[in-house]
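Have a look at the structure below, then the notes.
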Amino acid sequence: MTDRWRLLACRGCGSAIVEAMLVACGVPYEREEANYETPEGRARLLEVNPLAQVPTMVLPDGSIMTESAAIAIYLDETYPEVGLLPPIGDPLRMTALRWLVFLVAAVYPTFTYGDEPEKWAGPELGTSTHAHRKVLWQQLEGEGRGPWFLGERWSVLDLYVSVMTRWRPNRPWFAATCPKLHAIAVALDDDPRFAPLWSANFD
Numbered sequence: 005m006t007d008r009w010r011l012l013a014c015r016g017c018g019s020a021i022v023e024a025m026l027v028a029c030g031v032p033y034e035r036e037e038a039n040y041e042t043p044e045g046r047a048r049l050l051e052v053n054p055l056a057q058v059p060t061m062v063l064p065d066g067s068i069m070t071e072s073a074a075i076a077i078y079l080d081e082t083y084p085e086v087g088l089l090p091p092i093g094d095p096l097r098m099t100a101l102r103w104l105v106f107l108v109a110a111v112y113p114t115f116t117y118g119d120e121p122e123k124w125a126g127p128e129l130g131t132s133t134h135a136h137r138k139v140l141w142q143q144l145e146g147e148g149r150g151p152w153f154l155g156e157r158w159s160v161l162d163l164y165v166s167v168m169t170r171w172r173p174n175r176p177w178f179a180a181t182c183p184k185l186h187a188i189a190v191a192l193d194d195d196p197r198f199a200p201l202w203s204a205n206f207d
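The sequence shown maps to residues 5 to 207 in our numbering.
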């Protein structure tokens, strides 16, 4: 038993989104590198998560949380003053939940299947998945309000945008095609709260 949360994470992966949530909430945590592509990392992840995926969170009471959207909602309920999501009763909460699930259920899987298409089908899957991802990002661009995704209020959606725009098709494409999303990402690049996290994961 510990009073700290333990995050099993992999450098440059989606676990950086959850790590940013913890930083935003001021939650003391320990980060444990668990690269699912190595035998050692996969074995460690399998001890706590049958899918051997990151992020996997071990809470102070020993319970396990996976799935970044679930972790986001749990953190919002635990630390509502931070404002990861708009409060219950705020019309923007419905919008935030919709696009949170869109990010994890529609956009994120394009990396799961598109990065290693040979695991699931063939190279054509990778090509079509990368193209589809761009369409999804353009849909999000159309919904973004600026300066943050929900408008004047910051939310966890902006952390997703900050991290996921670092992956394919990469920041130059976003700058040219999705300027609102790119502006969100750049704004969080410069946020001193997250600078050590970005450096550790992406430099």
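Every residue gets a Cβ at the ideal spot worked out from N, C-alpha and C, and that includes glycine. Here the structure is a predicted model, which means the values were calculated and not measured.
Exercise for review: Return the bridge partner residues of LEU4 from the DSSP annotation.
Suggested key: As shown, the chain starts at 5 and ends at 207. That puts residue 4 outside it, with no answer to give.
query = How close, in whole Å, do the beta carbons of LEU144 and LEU185 come, if the pair is a contact with beta carbons under 8 Å?
reply = Yes, LEU144 and LEU185 are in contact; Cβ-Cβ is about 6 Å, under 8 Å.
Self-check item: Beta-ladder partner(s) of TRP152, from DSSP
Solution: Bridge partners of TRP152: GLY155.
| message | Could you check whether PRO59 and ALA13 sit closer than 8 Å to each other, using their CB atoms as the reference points? | response | Yes.
Notebook entry, point to check: Which one of LEU11, PRO54, PRO84 has the shortest CA to CA distance from SER3?
Noted result: The structure shown does not extend to residue 3, since the chain spans only 5 to 207, so no value can be given for it.
### Task
Using a Cβ cut-off of 8 Å (strictly closer), state whether TYR78 contacts chain D.
In the structure shown, chain D cannot be found, because there is only a single protein chain.
_Do ALA74 and MET25 count as a contact pair if the criterion is CB distance below 8 Å?_
The Cβ-Cβ distance between MET25 and ALA74 does not fall below 8 Å.
Helix, strand or coil at ILE21 according to DSSP, with G and I counted as helix
The three-state secondary structure of ILE21, taken from DSSP, is helix.
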